[in-house]
Amino acid sequence: MNSAVRLEAKKLSNRNTAIIFAMFMAILLMQLAFISQIDILDDEGNPHSGIAGWKILKTRTVEGTVTTDFLFDLREHYQNSVDKKFVEGDVDTERELGLRLTFPEAQLYSALNLPYQGVASTMYTDFNLTDAQIMGFYDNRREGIVRYLSLPSNGFAYTDAQIGRIADKMAEDKTPFIYKYSMGWQYLNLYLSWTLWMFFILLAFLLPDMFSKNNLKGIDQIALSTKESRRKLVGHKVMAACFASTAAYGAYLGIMLVFAICVFTLHGWDASVQIGTMCIYPLNMLQRTLVYVLLGYLATIAVAHGILLLSMLFRRGIVVLILSAAYFWLVNTYKMSIDGTVQRLLVFMPQNFVNNAMDISRIYFVGNAMFPYACIAALLCFVYIAACRGAMGLMIKRYYLH
Amino acid sequence: MRYLSYLNRKKLLGLNILAYIVLLLTILSFYNLSLAKASYLDEGRQEISDGTEYRLVAENVPFTDALCHEIMGKYVDLDLPAELNRVDIADLRAVKMIAQLYGWDFANADVAAHTSLYDQRDSLMKAFTNGKDTANDEFAASAEKIAYPIEMGYAEGWKNIHSGMRNCVLAVFVILFFLFVPVFNRDKAFGMDGLIRSTKAGERVLDSVRAVNVLLLSCAIYLIAVAIYVTPLAIVYGIDGANLPIQGDPPHFLSPVGVSYLGQFAFDLLIGFVAVVGVAGIAMLVSAIIRDVFVGYAALLFAIAASYMAENFASEGFKHIFWSFTFVGMTDFDRYYIGQDTYWGISALAFIPLIAAGVIVTEYSFLVCILRSKARYLNNLLKRSAEKRGNP
């Protein structure tokens with residue numbers, strides 16, 4: 279590493295940064311602990327609540343390759359299980375017991391019922407399919423998804439030809455699927471989607487003074503007249519910010535990973551993503567998570583560049599902090615808006631890049647070519663980084679000249 | 004001293020910053036107005052676009068047994084709540100209030116025929132509170148003190164002011180944090196601390212001036228924010244119905260707090276004021292304890308995030324014992340009127356602000372101690388360095 283970059287990075291790593299980082303991690307852990315609660319039944323039908331319930335879910339989940347024989351066995355297992363009366367509403371769990379139960383194999387039951395009930399049509403999904411329905415699972419599933427995408431009430435903007443392309447893609451699926459308990463991987467992806475905006479606020483706390491501090495202390499004038507060129511000076515600062523952001527992202531990811539291991543375990547890395555998610559690409563849980571992690575990293579670097587640009591523009595850390603934090607908060611607040619314009623704008627926001635990036639609801643077509651949102655998001659990251667670098671280069675070139 | 008105070012006030016809140024704050028509050032106020040208008044669309048009635056239409060249909064009438072029976076008879080054939088859109092707009096709120104007492108099945112009119120409307124209300128309220136607190140009898144008795152029959156009428160302005168008041172107070176919190184966290188640690192950042200210490204007044208006097216100014220400016224910002232927040236709502240919805248009881252609104256129908264809309268606004272204003280004074284104290288405490296401004300902001304962000312998570316995920320017990328007493332928690336105004344919280348028989352509306360006032364006194368005492376000990380420590384440092392140079 280260049281010594282100037284190392285010095286710039288050293289400026290970022292101080293006691294205050296460590297305190298801010300520790301507080302952020304505490305907030306993150308609290309959030310993870312709150313959203314990882316579960317209500318579940320044990321083998322005897324007794325309800326349990328809290329984080330420890332995931333262990334029960336793991337031991338109770340029947341795993342295997344989703345063949346017809348496996349599904350017949352699973353149906354028999356369901357008919358004799360303690361869950362049946364709770365799933366089918368003989369016991370009103372929400373009102374009488376105050377619980378929102380999670381059942382083992384619930385995601386598989388949802389995937390199996392998808393051609394007949396649509397997506398998430400009931401609170402709990404049973405497994406009372408006929409032999410014919412079970413035997414035709416893979417074909418019916420494809421038809422069910424096509425029907426789901428075609429229904430105007432579901433609000434997808436795909437044309438018939440595009441839906442046909444999606445159906446063709448699904449026909450290439452590697453079957454049979456593998457079904458396993460994979461909550462560790464699924465929650466890791468969810469954590470990333472739900473908390474990335476908070477991590478970006480942390481970046482807004484760490485990086486806003488990157489250019490302003492030197493300006494306030496009058497060091498800019500000295501630095502700009504040294505042997506190193508102005509362009510190089512910006513390069514060193516950006517490089518240092520990228521290293522710092524990478525380290526912070528690593529730590530953020532590491533904490534979520536450790537939490538996921540402790541609460542869920544990383545069992546089920548090779549489970550098919552088609553069960554439990556709406557992804558049509560033939561990936562397993564590990565591959566999908568790696569795509570999300572990579573996208574998160576690219577978004578982090580893009581956001582770090584954006585904050586540096588603001589820092590150079592305003593030269594006051596507090597202004598940069600207020601603007602960045604307000605922006606991340608507002609985008610997060612309006613994430614669920616049903617307004618069409620807002621939704622179209624959200625596509626371009628880095629904090630949404632990992633949000634369902636491989637899902638069927640976010641597929642883009644360029645001519646005949648079909649891309650998941652992950653590709654668009656990655657491309658946008660590179661565009662943002664290049665634009666910010668270009669703008670910073672221009673600004674430092676004109677600095678003090680006007 | 005007065006001039007010093009004036010200068011400090013100008014430094015803390017310059018005219019340009021004040022202009023930005025007013026602009027921000029105005030935008031938030033109009034955003035809140037749009038939210039209030041959109042909330043009427045939830046009722047799914049084509050006749051109602053933004054709620055101002057109620058001015059034409061909602062007359063001031065007492066909610067009596069006769070009226071209740073008349074309305075129940077009118078809609079006995081409807082499949083409610085599925086067919087709520089077939090109920091006359093003028094009767095809509097009364098129907099929702101009746102449903103709280105007798106359920107949606109108006110055909111089953113036996114209960115209504117044999118039980119007086121307000122007897123039913125009292126017995127329901129007693130049933131709600133049973134087993135929740137040791138002093139429920141006192142609580143239920145307070146519910147019985149409400150003047151019957153309850154008068155209904157148009158008071159949309161006051162209802163909307165109440166429902167958005169929390170956002171207004173929270174916006175003031177955020178503004179106070181950003182303005183006042185650097186109040187005691189700016190000197191160090193700008194290298195002015197040594198200079199200030201060697202002035203005639205010294206750091207101690209300046210700190211007192213700063214604390215008083217922060218308090219005064221916080222109150223001023225709060226009042227400005229409330230004025231900016233209330234004005235558009237009052238213009239669009241009016242201020243009619245100020246003396247009507249809040250029980251005339253379906254969400255507050257079973258409220259045990261006997262207060263008019265104007266009284267409710269006064270309570271909200273007072274509780275908000277207590278919370279703002281508390282938050283100003285916290286901002287100053289953070290400023291006095293934490294030297295780095297960004298760490299101070301991060302600490303406050305941490306507190307807000309923790310409070311937000313407690314609000315959304317914590318159990319009711321935790322909220323009752325702890326969260327309700329935090330400055331963010333005490334601005335959840337609906338808890339005072341709709342919730343059934345009591346503390347040893349005392350309504351949360353009186354108990355929580357009282358405890359908060361106690362907390363604020365402790366907070367400001369801490370602040371004084373910290374600032375004094377800091378000034379003493381710095382003076383000792385100066386003395387020692389002077390002695391070392393042989394110039395006591």
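These protein sequence lines map, in sequence, to chains A and B. Take 279 as the starting number for the first sequence in my numbering and just add one per residue. Take 4 as the starting number for the second sequence in my numbering and just add one per residue. From the three backbone atoms N, C-alpha and C, an ideal C-beta is built for every residue, glycine too. Fair warning: this is a prediction, and the values are worked out from it, not measured in the lab.
Pairing M333(B) with M308(A) gives a Cβ-Cβ distance that is not under 8 Å.
Distances from the alpha-carbon of G275(B) to those of F330(B), V289(B), L28(B) and E319(B) put F330(B) closest. At a cut-off of 8 Å, the C-beta of M287(B) has no neighbouring C-beta in chain A.
Counting only runs that start and end inside the segment 613–657 of chain A, the alpha helix (DSSP H) elements of at least 4 residues fall at 618–624.
Residues of chain A whose Cβ lies closer than 7 Å to the Cβ of D295(B) are, in chain order, N294. At a C-beta separation below 7 Å, Y240(B) has no neighbours in chain A, since its nearest C-beta there lies roughly 24 Å away.
Bounds of the alpha helix (DSSP H) holding S602(A) are G595 to T611. Using a 10 angstroms sphere on the CB of E86(B), the tally of other CB atoms stays under 16, which defines it as exposed. Listed by position along chain A, the residues whose Cβ is nearer than 9 Å to that of Y232(B) form an empty set, because the closest Cβ is around 19 Å away. When the beta-carbon positions are compared, L474(A) and G574(A) come within less than 8 Å of each other. Counting of Cβ neighbours within 10 angstroms places R284(A) among the exposed residues, the total staying below 16.
Taking 9 Å as the upper bound on Cβ-Cβ separation, chain B lies near no residue of the segment 607–624 of chain A. By the criterion of a C-beta distance shorter than 8 Å, E322(A) is surrounded in its chain by V360, once the five residues flanking it on both sides are discounted. In the three-state reduction of the DSSP assignment, L379(A) falls in the strand class. The beta-carbon of L599(A) is placed less than 8 Å from the nearest beta-carbon of chain B. Here Y457(A) is bridged, per DSSP, to G342(A). Within the segment 311–355 of chain A, the complete beta strand (DSSP E) segments at least 3 residues long are 317–319 and 325–327, listed from N- to C-terminus.
One alpha carbon belongs to A282(A), the other to H514(A), and they sit about 6 Å apart. F181(B) belongs to the set of residues whose beta carbon lies under 8 Å from a beta carbon in chain A.
The beta carbon of Y300(B) falls within 8 Å of a beta carbon belonging to chain A, placing the residue at that interface. With contacts defined as CB atoms closer than 8 Å, G284(B) and I293(B) fail to qualify as a contacting pair.
Under the Cβ criterion of 8 Å, F268(B) is not counted among the residues facing chain A. For I412(A), not one C-beta of chain B is nearer than 8 Å to its own C-beta. Under the Cβ distance rule, F276(B) does not count among the residues neighbouring chain A, no pair being separated by less than 8 Å. Within the same chain, F348 and Y457 come within 7 Å of G342(A) by CB-CB distance, once the 5 residues on both sides are set aside. Bounds of the alpha helix (DSSP H) holding F268(B) are Y264 to I292.
Among the CB atoms of chain A, none fall inside 8 Å of the CB of F176(B). Taking a cut-off of 8 Å for Cβ pairs, the segment 123–130 of chain B and the segment 256–271 of chain B touch, as three or more such pairs fall below it. Among the residues of the segment 306–322 of chain B, those with a Cβ less than 7 Å away from any Cβ of chain A are A308, A309, M312 and F316, in the order of the chain. Under the DSSP assignment, V364(B) falls in the alpha helix (DSSP H) whose first and last residues are A351 to K391. The residue from I479(A), F537(A), A384(A) and I441(A) with its alpha-carbon nearest to that of L468(A) is F537(A). Within the segment 422–484 of chain A, the complete alpha helix (DSSP H) segments at least 4 residues long are 438–449 and 461–484, listed from N- to C-terminus. Beta-bridge pairing by DSSP links C557(A) to D637(A). Counting only unbroken stretches of 3 or more residues, no beta strand (DSSP E) element lies wholly within the segment 57–81 of chain B. With contacts defined by Cβ atoms closer than 8 Å, V186(B) and M287(B) form a contacting pair.
Y78(B) and A93(B) have their C-alpha atoms roughly 13 Å apart.
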